[in-house]
Amino acid sequence: MTLDALYRDLHEHPELSFEEVRTAAIAAAELRAAGFDVIEAIGRTGVVGVLRNGDGPTVLLRADMDALPVEEDTGLEYASSASGVMHACGHDVHVACLIGAAQQLAATRTDWHGTVVAVFQPAEEVGGGAQAMLDDGLYEKVPVPVVVLGQHVGPAPAGLLGAHPGAAFASADSIDIIVRGRGGHGSRPETTIDPVVIAAAIVGRLQTIVSREIAPQDTAVVTVGRLRAGTKNNIIPERAELGLTVRAYSEEVRLGMLAAIERIARAECVASGAPEPIIEFAESFPVTVNEHVATERTMAAFRAAFGEASVVDPGPVSGSEDVGLLATAAGVPLVYWILGGAHPESYLAAASAGTLDRDVPSNHSPHFAPEIQPTLDRGVDALVTAAREWLGS
Ligand code: ZN
Ligand code: ZN
Numbered sequence: 008m009t010l011d012a013l014y015r016d017l018h019e020h021p022e023l024s025f026e027e028v029r030t031a032a033i034a035a036a037e038l039r040a041a042g043f044d045v046i047e048a049i050g051r052t053g054v055v056g057v058l059r060n061g062d063g064p065t066v067l068l069r070a071d072m073d074a075l076p077v078e079e080d081t082g083l084e085y086a087s088s089a090s091g092v093m094h095a096c097g098h099d100v101h102v103a104c105l106i107g108a109a110q111q112l113a114a115t116r117t118d119w120h121g122t123v124v125a126v127f128q129p130a131e132e133v134g135g136g137a138q139a140m141l142d143d144g145l146y147e148k149v150p151v152p153v154v155v156l157g158q159h160v161g162p163a164p165a166g167l168l169g170a171h172p173g174a175a176f177a178s179a180d181s182i183d184i185i186v187r188g189r190g191g192h193g194s195r196p197e198t199t200i201d202p203v204v205i206a207a208a209i210v211g212r213l214q215t216i217v218s219r220e221i222a223p224q225d226t227a228v229v230t231v232g233r234l235r236a237g238t239k240n241n242i243i244p245e246r247a248e249l250g251l252t253v254r255a256y257s258e259e260v261r262l263g264m265l266a267a268i269e270r271i272a273r274a275e276c277v278a279s280g281a282p283e284p285i286i287e288f289a290e291s292f293p294v295t296v297n298e299h300v301a302t303e304r305t306m307a308a309f310r311a312a313f314g315e316a317s318v319v320d321p322g323p324v325s326g327s328e329d330v331g332l333l334a335t336a337a338g339v340p341l342v343y344w345i346l347g348g349a350h351p352e353s354y355l356a357a358a359s360a361g362t363l364d365r366d367v368p369s370n371h372s373p374h375f376a377p378e379i380q381p382t383l384d385r386g387v388d389a390l391v392t393a394a395r396e397w398l399g400s
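Everything in the sequence shown is counted per the numbering used here, starting at 8 for the first residue and increasing by one.
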């Protein structure tokens, strides 16, 4: 099967987070066929291939595998066959490119030495996949790398590569707060502890975190996207629920915001004489930090291989990633770059018309449809070029 056909097959058969059984089996089979030692079911559906090729550095290449609960609306002939599930974030591109890179590195093994570790990670979208692989003993089962390398396809011209040294992707935390009051009749508020008023006070007070506690030069977002209480106009409910998302580009800012949210929620409950609120920290992505020196080194290899015009610094991206955990756990640098996947001419036309947001579908859109080529070839070559830069020659 050609890589294009493999990609179309993956796109047609998307699987949700931690359910990537078919995708994992394909990755495992392709790795074995290329001569890798394969370990399956690391972190539930994760797959790792190891290719030992003499003494030399170990390099880890990572692709995530999961799809999203999105109903595909691309009209592609290879569109999703799974109702309500779609590779809307392009992780099928990542899987196909890593398979292609593994094949190419195996085929050219007389040209390099060292060890290649190919990681097919589950559940990036819900933020638990990388941690699940680490908890399952990833680095006891495979050699610890000197660098973690990976890529994410995005709405940039196909074939363009971009990495931002430093904080490259924002942190993202989901926080649920349940305010516990005392319900009663809407006409007798003095007999109740009204959780609606407390929740409203929390929402208002949370706005002071970014405006009063974060320095003007730092970037941070606190959004209450979900607020729910009550059933009827004349009933004071027992509880109110708030759902928050928090973004930052530094761990210090992130931890400061999480602490402030907890402090404000508790204090507003105390202020109203309510019991302690229930505060749950759900999905969590740390800031994704590209190590400066390693990123410069890898981008220089890209410029040498693909030309100056093919490599850019896209600046920090507001999306989030868990790939950084694989590098942090190993205590080694991360280099994670953007791989352009949009039709180049359409992209340029939309850019000059100022209609990028409308005409170039971004990740998570039901219309997200990367150009198969040159995206796949460039994605494979980028992984191979980056790996070869760090392997022995
Ligand atoms: Zn995504
Ligand atoms: Zn993604």
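Cβ coordinates follow ideal geometry from the N, Cα and C atoms, glycine included.
message = Which residue wins for smallest C-alpha separation from F176, given the options R189, G190 and Q158?
response = Q158
task = Kindly give me the distance between the Cβ atoms of V160 and P377, rounded to whole angstroms, as I take these residues to be in contact under 8 Å.
result = With a contact defined as Cβ atoms closer than 8 Å, V160 and P377 qualify at about 5 Å.
ask   = With distances taken between CB atoms, is the gap from I243 to R15 smaller than 9 Å?
value = no
request  = Report the rounded CA-to-CA distance for A89 versus H120, giving the unit in angstroms.
outcome  = For A89 and H120, the gap between their C-alpha atoms comes out near 41 Å.
task = Using DSSP bridges, identify the partner residues of F292.
result = A179
inquiry  = My output table needs one value for W344: the three-state DSSP class, helix, strand or coil.
reply    = The answer is strand: DSSP assigns W344 an E or B state.
inquiry  = Could you tell me the alpha carbon to alpha carbon distance between R273 and I205, rounded to whole angstroms?
reply    = About 10 Å.
query = Going by the CB atoms, is the gap between L234 and I345 shorter than 9 Å?
reply = no
ask   = DSSP beta-bridge partners for P172?
value = Answer is none; P172 lacks a bridge partner.
ask   = Would you say the stretch 305 to 320 touches the stretch 215 to 235, given that touching needs at least three Cβ pairs under 8 Å?
value = no
query = Considering T65, what are the terminal residues of the beta strand (DSSP E) in which it resides?
reply = T65 to D71
message = If I measure Cβ to Cβ from E258 and keep anything under 8 Å in the same chain, skipping five residues before and after, which residues do I get?
response = S178, P293 and V294
task = Identify whether P244 lies in helix, strand or coil by the three-state DSSP scheme.
result = Here P244 sits in coil by DSSP.
task = Work out the CA separation of V339 and V66 for me, nearest whole Å.
result = V66 and V339 have their C-alpha atoms some 10 Å from each other.
key: Beta-carbon separation (whole angstroms), T302 vs A137, contact threshold 8 Å   = Distance from T302 to A137 at the Cβ level is roughly 19 Å; contact not present, criterion being Cβ atoms closer than 8 Å.
query = Does the pairing of the stretch 206 to 220 with the stretch 311 to 330 give three or more beta-carbon distances under 8 Å?
reply = no
request  = Output the distance between the C-alpha atoms of S317 and E132, rounded to the nearest integer angstrom.
outcome  = 28 Å
ask   = How big is the Cα-Cα spacing for V154 and G63?
value = 13 Å
request  = Considering only heavy atoms of ligand 1, list every residue whose Cβ is less than 6 Å from one of them, following chain order.
outcome  = C96, E132, N370 and H371
ask   = Ordered along the chain, which non-local residues of its own chain (more than five positions away) have a Cβ less than 7 Å from that of A267?
value = I216 and E220
query = Should L402 and A103 be called a contact, given that it needs their Cβ atoms to be closer than 9 Å?
reply = Residue 402 lies beyond the range of the chain shown here (8 to 400); nothing can be said about it.
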